[in-house]
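What follows is a short report on a single structure.
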Amino acid sequence: MKKSISSAVNLPEHSVTDENVYLARRTMLKQLGFVGATGLLATPSHASALDWFSSNKDTAQFKTTPLTFKKGAPLDETLTPEAKVTSHNNFYEFGTSKSDPVENAQQLQVNPWQLRIEGECEKPITLDYDQLLSMFTLQERIYRFRCVEAWSMVIPWIGFPLADLLKKVQPTSKAKFVAFQTLYDPKQMPGQASRRMGGGIDYPYVEGLRIDEAVNDLTLLSVGLYGKTLPPQNGAPIRLVVPWKYGFKSIKSIVSIRLVEKMPPTTWNILAPNEYGFYANVNPNVDHPRWSQASERRLTTGGLFARNRIETLPFNGYGEQVAELYRNMNLTKHF
Amino acid sequence: MRRDTLTLKVLIHAISLTLLINVYYMAITDQLGADPVEYVLHFTGIGALNLLILSLAVTPLTKYIKKPFLMQNRRLIGLYAFLYALCHVLSFWAFEIQFNLALFFEEIIERPYITLGMVAFIILVLLAITSWSVVKKRMGRRWQKLHNWVYLAILLGGIHFYWSVKASVTEPVIYGVIITILLFLRKRKFLNS
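Take a look at the structure:
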């Protein structure tokens, strides 16, 4: 199996479609009515029949800015092209199909921004937009990103360890968990204003980690990817990245981080507790009720024929750094 | 063949084939977003369901607008529904599962929504291979009995779609309503049998 992957992912640089070309092609096809015409007969969830009721406005793209950061250790795996990382997103606040966020999130106001860190700690603080980017030395981390839907990417994130931030606020001994919350602003986030568009989720989106998971060195607060600040569809201005857990734990556009005593509620667990647990550790041995998690499709370059199915590793390949956290737990039960 | 029948047939061929070829061409050349496999699966799956709905709409529509030539196209639409479903299943095996036959069968057995989809597909296979006029004549009354299974197929297809979505059920619910209406229009047929 390994062999077939490497042949697909070891493509020379020149065979990677340039982002501008890629986006221009999409725009052109749209203008030709190709994407719309395919929606006429069959309606893939990307181009849903219901999208016809929402105008497909070509608004100005969100402006990202280059960041200064410490280069990360390279991973021996091909990066997912930037155009795919920024156009294939689950961010139900902007719609449930993968292409909705890139279309609907471009107007999100990320500056000014306020991120409150409070709860069971000695020195609660509120960070503004500039502090998010300047308070810590930014570093690049190239991580595998595994979605619970059995696809994965390799993404060069830029950010700082959550542990560094938590150290600043001095958690008390009561702080056993960390609760996160996404921005709640139905005016800017159409999915929060309409249950149909937002997939029937009760907003704001909330997530949580146990405190030892939160201070693990791998746990990153990300403010950028591919050398630039995050675009809104990827969770601007600041998001969580927990690489050994399924992607839905990596909450986007965070406005609140709360240190708490009890395990906090988490959005997908509320919605479907039999499918999404609190821990959500990547685990090839525990199937999702509707699909196997034993393998995944790595999204890199290449079209339909890319041989990109690979075996899923326990803890998404980060077992050495994190397995210890779950030493005495039955991970089949606490999935 | 009447001229409007012919026009409609050409149109059905042209639209169904063009869309299918176009989606595979775009997928092979990586122009369908980040995950062409997912796109193709949704496109062919919902395409099959749409065509099946269309084929079941032909009879009530013919009665309503009194254009009997429409009936001449019912089989063709049904066969395209089968072709889309075939592409859906083959794409799942070839591109999602990537030719792993063991995993293919494991998924069919273990995932209820795939099991239902597979049952619907098997029905469509049976209907497609018995669609020739010659076979129809040979089968006599049994042909109609077999082809009534299309109602089960569309029902299972709808449930398969409903169970496959993660959160937003708006779209499958709309399909469910349309399917229910199409089946409701045949309630006399069901009551009499």
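Taken in order, these protein sequences are the chains called A and Z. Using numbering that gives the first Met the number 0, you'd call the opening residue of the first sequence number 0 and step up by one each time. Using numbering that gives the first Met the number 0, you'd call the opening residue of the second sequence number 0 and step up by one each time. In this text, a Cβ means the ideal position worked out from N, Cα and C, and glycines have one as well.
7 Å Cβ cutoff met for residue i and residue j
i	j	result
residue 202(A)	residue 225(A)	no
residue 137(A)	residue 220(A)	no
residue 206(A)	residue 248(A)	yes
residue 113(A)	residue 61(A)	no
residue 66(A)	residue 223(A)	yes
residue 251(A)	residue 90(A)	yes
residue 100(A)	residue 232(A)	yes
residue 56(Z)	residue 80(Z)	no
residue 146(A)	residue 301(A)	no
residue 157(A)	residue 74(A)	no
residue 27(Z)	residue 303(A)	yes
residue 324(A)	residue 211(A)	yes
residue 237(A)	residue 179(A)	no
residue 31(Z)	residue 90(Z)	no
residue 168(A)	residue 243(A)	no
residue 166(Z)	residue 199(A)	yes
residue 309(A)	residue 326(A)	no
residue 260(A)	residue 186(A)	no
residue 102(Z)	residue 96(Z)	yes
residue 157(Z)	residue 139(Z)	no
residue 281(A)	residue 314(A)	yes
residue 311(A)	residue 292(A)	yes
Chain-ordered chain Z contacts of residue i [CB-CB under 7 Å]
i	result
residue 296(A)	36
residue 270(A)	166
residue 246(A)	In chain order: nothing, as chain Z lies at least about 13 Å away.
residue 308(A)	97
residue 143(A)	Chain Z residues near residue 143(A): none, gap ~16 Å exceeds 7 Å.
residue 95(A)	166 and 167
residue 98(A)	32
Residues bridged to residue i (per DSSP)
i	result
residue 204(A)	Residue 204(A) pairs with nothing; no bridge assigned.
residue 177(A)	208(A) and 258(A)
residue 86(Z)	DSSP output for residue 86(Z) lists no bridge partner at all.
residue 21(Z)	DSSP output for residue 21(Z) lists no bridge partner at all.
residue 346(A)	What the structure shows of chain A is the stretch from 0 to 334, and residue 346(A) is not part of that stretch, so it cannot be assessed.
residue 170(A)	120(A)
residue 139(A)	157(A)
residue 126(A)	114(A)
residue 307(A)	Its beta-bridge partners do not exist; DSSP assigns none.
Alpha-carbon to alpha-carbon, residue j and residue i
i	j	result
residue 329(A)	residue 276(A)	13 Å
residue 143(A)	residue 68(Z)	57 Å
residue 182(Z)	residue 288(A)	30 Å
residue 87(A)	residue 154(A)	13 Å
residue 76(Z)	residue 92(Z)	24 Å
residue 118(Z)	residue 155(Z)	8 Å
residue 111(A)	residue 112(Z)	46 Å
residue 169(Z)	residue 148(Z)	27 Å
residue 39(A)	residue 43(Z)	Its pLDDT being 38, under 50, residue 39(A) is placed unreliably in this model, and the value from its coordinates should be taken loosely. The straight-line gap from Cα to Cα measures roughly 13 Å.
residue 78(A)	residue 151(A)	11 Å
residue 115(Z)	residue 193(A)	31 Å
residue 48(A)	residue 85(Z)	Caution applies to residue 48(A), whose pLDDT of 43 falls short of 50 and renders its modelled position unreliable; the value that the coordinates give is listed next. Looking at the two C-alpha atoms, the distance is approximately 22 Å.
residue 335(A)	residue 217(A)	The displayed coordinates of chain A run from 0 to 334. Any statement about residue 335(A) would go beyond what the structure contains.
residue 42(A)	residue 4(Z)	Here residue 42(A) scores only 35 on pLDDT, less than 50, and its place in the model should not be relied on; the value that follows carries that caveat. Their backbone Cα atoms lie some 27 Å apart in a straight line.
residue 16(Z)	residue 82(Z)	10 Å
residue 72(A)	residue 159(A)	14 Å
residue 65(Z)	residue 186(Z)	20 Å
Residues that residue i contacts on chain Z, provided the C-beta gap is smaller than 8 Å
i	result
residue 301(A)	29
residue 199(A)	166, 167 and 168
residue 290(A)	106 and 110
Residue environment, residue i, which counts as buried when at least 16 other CB atoms sit within 10 Å
i	result
residue 189(Z)	exposed
residue 177(A)	buried
residue 240(A)	buried
residue 2(Z)	exposed
residue 103(A)	buried
residue 98(Z)	exposed
residue 49(Z)	buried
residue 116(A)	buried
residue 7(A)	Residue confidence is low: residue 7(A) scores 41 on pLDDT, short of 50, so the model does not pin down where it sits. Its coordinate-derived value is still stated next. Answer is buried; the Cβ neighbour count reaches 16.
residue 191(A)	buried
residue 333(A)	exposed
residue 166(A)	exposed
residue 267(A)	buried
Cross-chain neighbours of residue i in chain A, by beta carbon under 7 Å
i	result
residue 161(Z)	Going along chain A, no residue has its Cβ under 7 Å from residue 161(Z), so there is no contact; the nearest lies around 12 Å.
residue 73(Z)	Within 7 Å Cβ-Cβ: nothing; residue 73(Z) doesn't reach chain A, min ~17 Å.
residue 26(Z)	302 and 303
residue 63(Z)	Under the 7 Å cutoff, chain A gives no residues; its nearest Cβ is about 22 Å from residue 63(Z).
residue 94(Z)	303
Contacts of residue i in chain Z (Cβ-Cβ under 9 Å)
i	result
residue 150(A)	33, 34, 36 and 37
C-beta neighbour in chain D for residue i, strict 7 Å
i	result
residue 251(A)	Checking the listed chains, one finds no chain D in this structure; the protein chains it contains are A and Z.
Chain-ordered chain A contacts of residue i [CB-CB under 8 Å]
i	result
residue 125(Z)	In chain order: nothing, as chain A lies at least about 23 Å away.
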